[in-house]
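Plus 1 on top of the position in the sequence shown (first one is 1) and you've got the numbering used here.
To keep things clear, I will list the structure first and then write my remarks on it.
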Amino acid sequence: MQAVHISFNLELKHPFTITGFTRTSTPLLLLKLTYENMEGYGEASMVPYLGESYSSAEAFLKKVDWTHFKQPFNFAEFMAYLDSIDAGNPAIKAAIDIALNDINGEILQKPCFEIYKADPAKMPVTSYTIGIAAPELIKEKVAEAKGFKVLKVKLGSGHDKELINAIRSVSNLPLYIDANQGWTDRKMAIDLIYWLHDQGAVLVEQPMDKTNIEGNAWLTGRSPIPILADEAVQRLSDIDHIKGAYHGINVKLMKSGGMYEAHQMILKARSYGMKVMIGCMSETSIATQAGMALAPLCDWVDLDGPFLTKNNPFEPPALHEGKYILKDLPGLGLEGLSPNLFFP
């Protein structure tokens, strides 16, 4: 196995604000693995507030012994090995896992979605994310969501109703709500959830602080719409800790360490009767198409990274009626890739 990587700064179309944080770009590490003349591509999207960086990702890669990764691929063993190097760094682990899945598909001459038994006919619609902003910019962002059938709205700024009213003045699309732990008063939160339900909200992600298990469980027991854990569930082992406190979970490859563990998280959540969303950070088409391969196994999809950025270096995946189209191509099915532009 040979590995090469580059740093890449993914620029956002608009400043992206969630509760307590704003960014205009996201540092990425793009990875190419070569195994017996087959190439696979991976991506680490490292939003700064989660603690990873290009330097930390590169330091992790220097510790990896690539002789561990041989055919037949055993992804459980791969993840255990990567975790033995360092318990953290899920984004760079995801880059490795995604590239290995891409190669595995090339070896088997099967799309990743087929390997994970995801039926393309069951692909849910994907949402388009609207970050916290002034009402006029909110309207501009909504206008850019052409082709999407649902909006994901970031709340928790203290001006939540004003933001929703701005959206409703220009759109009647269903809403996924993400509070990013921004609500602190449970009575205020449940009243707002009922109001949001009346405004067409379908679900709410992480309403209160991730450590407030009891408060989030209180909301879950009273909410008219599903409450999902996001920040409260990162890896597979976290699901046991939040079982019963939420209706479901949001799985992200950059949190789980890649496709293999994300799939395990989906299966475990299902075994507990929980709903599942698959989401993303700011990502190029590499990680987006990795997420797409698992999306038909989920109830909701929020994989809009390439559409929120200005310099996605690859062809964006195709949408039809708000749903991604899974093509019958080996591995991730990446197209429009120009490796020589990026990799030495």
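From the three backbone atoms N, C-alpha and C, an ideal C-beta is built for every residue, glycine too.
DSSP places Q290 in the helix class (H, G or I) of the three-state scheme.
By the Cβ-count criterion, S272 is exposed, with fewer than 16 other Cβ atoms from all chains shown falling within 10 Å of its own Cβ.
The alpha-carbon of L197 is positioned some 8 Å away from that of I165.
In the DSSP assignment, no residue is bridged to E53. For the 8 Å CB-CB criterion, A230 and N213 do not form a contact. In the DSSP assignment, H6 forms a beta bridge with L32.
For K118, the three-state secondary structure derived from DSSP is coil.
With respect to the 8 Å criterion, L335 and S283 are not classified as neighbours on the basis of their beta carbons.
Contact annotation: L29 and S54 have beta-carbon atoms that are not nearer than 8 Å. If only uninterrupted beta strand (DSSP E) runs of at least 3 residues are considered, those enclosed by the stretch 119-207 are 129-131, 152-155, 176-179, 202-206. Residue pairing for L320: DSSP places it in a beta bridge opposite Y325. The continuous stretches of alpha helix (DSSP H) do not include N312, and DSSP gives it neither H nor E.
DSSP, read as helix, strand or coil, puts K244 in coil. For L268, the number of other beta carbons within 10 angstroms of its own is below 16, and it is reported as exposed. At least 8 Å separates the beta-carbon of A180 from that of L152. DSSP places P16 within a strand segment (E or B) once states are collapsed to three. Shortest Cα-Cα distance from A246 to any of G201, M209, M266, D300 involves M209. Within the model, the alpha-carbon separation for A88 versus E262 is close to 14 Å.
With the rule of 3 Cβ pairs closer than 8 Å, the stretch 134-150 counts as touching the stretch 159-176.
Between A58 and A92, the CB-CB gap stays under 8 Å. In the displayed model, R236 falls within coil according to three-state DSSP, outside both helix and strand.
A contact between stretches requires three or more CB pairs, one per stretch, nearer than 8 Å, and the stretch 119-128 meets this requirement with the stretch 323-334. Residue state for N217 is assigned as helix, using DSSP reduced to three classes.
In this structure, the CA atom of G106 is about 36 Å from the CA atom of I19.
In the same chain as L320, and ignoring 5 residues on each side of it, the C-beta atoms closer than 6 Å to its own belong to G148, in chain order. Runs of the alpha helix (DSSP H) lying entirely within the stretch 41-95 and spanning at least 4 residues, in chain order: 55-64, 76-86.
For L229, the enclosing beta strand (DSSP E) has its first and last residue at 228-230. Comparing C-alpha distances from S224 to each of E215, L31, Q235, V205 shows the shortest one belongs to V205. A distance of 8 Å or more separates the beta carbons of V5 and T27.
CA-CA distance, D186 to D84, rounds to 37 Å. Membership of K253 in the beta strand (DSSP E) is indicated by the continuous run 249-253. For P225, the secondary structure class from DSSP, reduced to helix, strand or coil, is coil. In the same chain as G306, and ignoring 5 residues on each side of it, the C-beta atoms closer than 6 Å to its own belong to C281, S283, E284, T289, in chain order.
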